Ligand code: SAH
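Numbering (our numbering), first residue to last: 1328 to 1783.
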């Protein structure tokens, strides 16, 4: 296969990144924006020894589960890439991604029956509680907002995103309208001039509160109070408008300094029975409805009776630890970001959960100090998964159960393999769809010591 080759081929499945996969003459071709069953005319854009990439020139015959993307910006926006596949098939594709990772990367045999159907959403739209849109000047130096075009920093101007929960889109458009009215200069990343860089809006599903964050290239702007007042007048659910200063030449959205312009600096939202104070910089699950589903699975798998010591590794703002705390004797969360630990402690206090404690530090370092013990370990690492030292530290404690929560099936499969080398076995694998319309999949895995009988 060579770059430039044009061929007719059929798509057989969806790969982890969301691209369709074709296997002409056993050569693996990744072809974006295709679905299983499609017959396409494609041009090879990149060719390695055993695999390559191609782009669709024409869909000759559409696969049975190809649907019309619901979003009118789908073709240009880099946001979600699975919209052309029916939601039921998205869920099936995600289950297959998890199964394939376990088989191919983990080397597990006879694993398919342990992988449960993906827990999806009844309504797989309007689920995100956070919107962060970049601002740019257009050719007439007018302010425009939207999401980046695939693979670029060019904004596709838009007025709504179908993933965003109400009233996020409406508030976004009001902020854009008022920013233009008040002559707020759009930030230009090429010249580093201008004022408004990003508009960030958080909405709370359960309390109906909202928080607006104006990310500025300056300390403030003259009419900020009036503008904030006008936003809050038009959207009474906005409990606060804050400004965040980011003067660096960086892709990071937020800078380190945040100040309230009007109202509160946080909103309150719930995950299950837990209340959280969510401020401009707080990490908070973007799909709280499915986060609850995920934590519920983790709780069920933990099988707590009230006597257990639980370790929550990579605890973030403590959500899982706090979710498990009422059912355990003691829960210890470990997390490397100091602000997240501060938030976790505040959240424990806010919810009157004093059996949860939070320790700041690197998981690998703290586990090698050998001062922790656990009956149950929950581990929710970043995409790169676990270092060997972490796995060794975990298995040395000899917990009855290990619950591995993962956002990356590939590193998860690698790590599960290693854990099974230390006397543990996989009992159940439950994928959860936290990000419908995108290829991301979260998975909760229950492992227990081989000699122990469990109900799973
Ligand atoms: N369990 C949390 C979030 C997990 S995200 C929740 O459900 O909300 C992964 C977390 O791991 C992040 O908060 C990140 O800051 C933290 N982290 C990354 N590397 C780490 C390390 N070496 N030691 C401790 N925490 C780490």
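All C-beta atoms, glycine included, are put in the ideal place defined by N, C-alpha and C.
Note that the structure is predicted; figures quoted are calculated from it, not measured.
C-beta contact flag for residue 1756 and residue 1726 at 7 Å: no
Exposure label - residue 1451; buried when at least 16 CB within 10 Å: buried
Cutoff 7 Å; reference residue 1738; Cβ partners in own chain excluding five residues on either side: 1710, 1711, 1712
Cα-Cα separation, residue 1618 to residue 1732: 12 Å
Per-residue burial, residue 1696 [other beta carbons within 10 Å of its own, 16 or more giving buried]: exposed
Spatially closest choice to residue 1649 from 1603, 1444, 1467, 1413, by CA coordinates: 1603
At least 3 beta-carbon pairs within less than 8 Å: the segment 1359-1373 vs the segment 1387-1394: yes
Helix, strand or coil at residue 1496 according to DSSP, with G and I counted as helix: helix
The segment 1406-1422 touching the segment 1371-1379, judged by at least three CB pairs closer than 8 Å: no
heavy atom of ligand 1 below 6 Å from residue 1689 C-beta: yes
Proximity test, residue 1553 beta-carbon vs ligand 1 heavy atom, cut-off 6 Å: no
Option nearest residue 1586 by Cα separation, candidates 1735, 1567, 1522: 1567
Spatial distance of residue 1660 from residue 1672 (CA atoms): 10 Å
Rounded C-alpha distance that separates residue 1771 from residue 1701: 19 Å
Three-state secondary structure (DSSP) of residue 1733: strand
According to DSSP, residues forming a beta bridge with residue 1385: 1368
Of the residues 1764, 1601, 1572, the one placed nearest residue 1588, counting alpha carbons only: 1572
Sufficient close CB pairs (3 or more, under 8 Å) joining the segment 1462-1481 to the segment 1624-1632: no
Three-state secondary structure (DSSP) of residue 1562: coil
Residue 1518, buried or exposed, once every other Cβ within 10 Å from all chains shown has been counted against 16: exposed
Three-way DSSP call (helix, strand, coil) for residue 1740 in this model: helix
Short Cβ contact (7 Å threshold) for residue 1403 with residue 1348: no
Any non-hydrogen atom of ligand 1 within 6 Å of residue 1597 CB: no
Neighbour-count burial assignment, residue 1419, 16 or more Cβ in a 10 Å radius: buried
Cβ neighbour criterion (16 or more within 10 Å) applied to residue 1748: exposed
Segments of 4+ residues assigned as alpha helix (DSSP H) that fall wholly inside the segment 1654-1714: 1665-1677, 1690-1695
CA-to-CA distance, residue 1699 to residue 1754, given in whole angstroms: 25 Å
Residue 1617 - DSSP class collapsed to helix/strand/coil: helix
Cβ neighbours of residue 1688 in the same chain (closer than 7 Å, five flanking residues each side left out): 1661, 1663
For residue 1481 and residue 1506, the rounded distance between their alpha carbons: 20 Å
Closest Cα partner of residue 1657 within the set 1666, 1675, 1752: 1675
Inside the segment 1537-1613 only - alpha helix (DSSP H) runs reaching at least 4 residues: 1551-1561
Near ligand 1: residue 1719 beta-carbon under 6 Å from a heavy atom: no
Extent of the continuous beta strand (DSSP E) run through residue 1336: 1333-1341
Close beta carbons around residue 1681, own chain, < 8 Å, minus the five adjacent residues each side: 1675
Distance between residue 1330 and residue 1684 (C-alpha atoms, nearest Å): 56 Å
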